[in-house]
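Residue numbers (the numbering used here): 747 to 950. Cβ atoms here follow ideal geometry from the backbone N, Cα and C, with glycine treated the same way. The structure presented is a predicted model; accordingly, all values stated were derived computationally and were not measured. To keep things clear, I will list the structure first and then write my remarks on it.
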């Protein structure tokens, strides 16, 4: 499994291209940038996955779906946010093309495959109602649940601090300390590092 991290948009969102066996999935395409398109060139893109439907993570949906024909994957609870993509963009001064409707809704316990790799879907609400994470082989793509030294904000529509802290406590902290955490913004980290030093997480 190859993991490419591609920062996109003025919000420096980490778009991830995960490849295995000639297939690829794209996680959180805030923009269908040239670098993202180059990263998937020559691959069969099987899914475009939104960890959640905030505009900075999914404004590239339309272009990538048109380019690849891949299915768009989302948790159903974030559909209202996806439907309001243009309005979200206007709030933050970001032009957003409306997203196609999701082709597949996923929920806790579902899986997404790329090549021979199986990623497990974990519902982790708090930053948004339908936020999901993907886990496999000692890594977790956690979107905006957890960051290096910080946590996701809960002051946006649909945010809930109690839910977010519960998601971190119950869904992330049980993972092994050496699990690599691929975050929605900023550098990757590990569960062990955040468990021991993240001021929002210590003591959970």
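Query	Result
Start and end residues, beta strand (DSSP E) containing residue 764	759-766
Three-state class that DSSP yields for residue 753 in the structure shown	strand
Residue nearest to residue 770 in terms of C-alpha spacing, selected from 753, 782 and 792	792
Opening and closing residue of the beta strand (DSSP E) in which residue 889 lies	885-889
Residue 776 to residue 798 span [Cα, whole Å]	11 Å
Same chain only: Cβ atoms within 7 Å of residue 938, ignoring 5 sequence neighbours per side	923 and 924
Residue 814 - containing beta strand (DSSP E), residue span	Per DSSP, residue 814 belongs to no beta strand (DSSP E); it is in the alpha helix (DSSP H), 807-814.
Whole-Å CB distance - residue 779 paired with residue 752, under 8 Å assumed	7 Å
Reference residue 818; option with closest CA among 907, 921 and 851	851
Cβ-based neighbour list, residue 909, same chain, cut-off 7 Å, excluding 5 preceding and 5 following	871 and 872
Outcome for residue 942 when other beta-carbon atoms lying within 10 angstroms are tallied against a minimum of 16	exposed
According to DSSP, residues forming a beta bridge with residue 866	857 and 881
Cβ-Cβ distance between residue 886 and residue 928 below 8 Å	yes
Environment of residue 879 [buried if 16+ CB atoms lie within 10 Å]	buried
Closest residue to residue 842 among 903, 808, 747 and 813 (Cα-Cα distance)	808
Cβ separation of residue 875 and residue 816, assumed to be a contact under 8 Å, to the nearest whole Å	Not a contact, Cβ separation roughly 24 Å.
Residue range of the unbroken alpha helix (DSSP H) whose run includes residue 786	780-786
Below-8 Å beta-carbon distance, residue 844 vs any chain C residue	The structure shown contains no chain C; it holds only a single protein chain.
Expected contact under 8 Å - CB spacing of residue 931 and residue 758 to nearest Å	6 Å
Buried/exposed call for residue 836, threshold 16 Cβ in 10 Å	exposed
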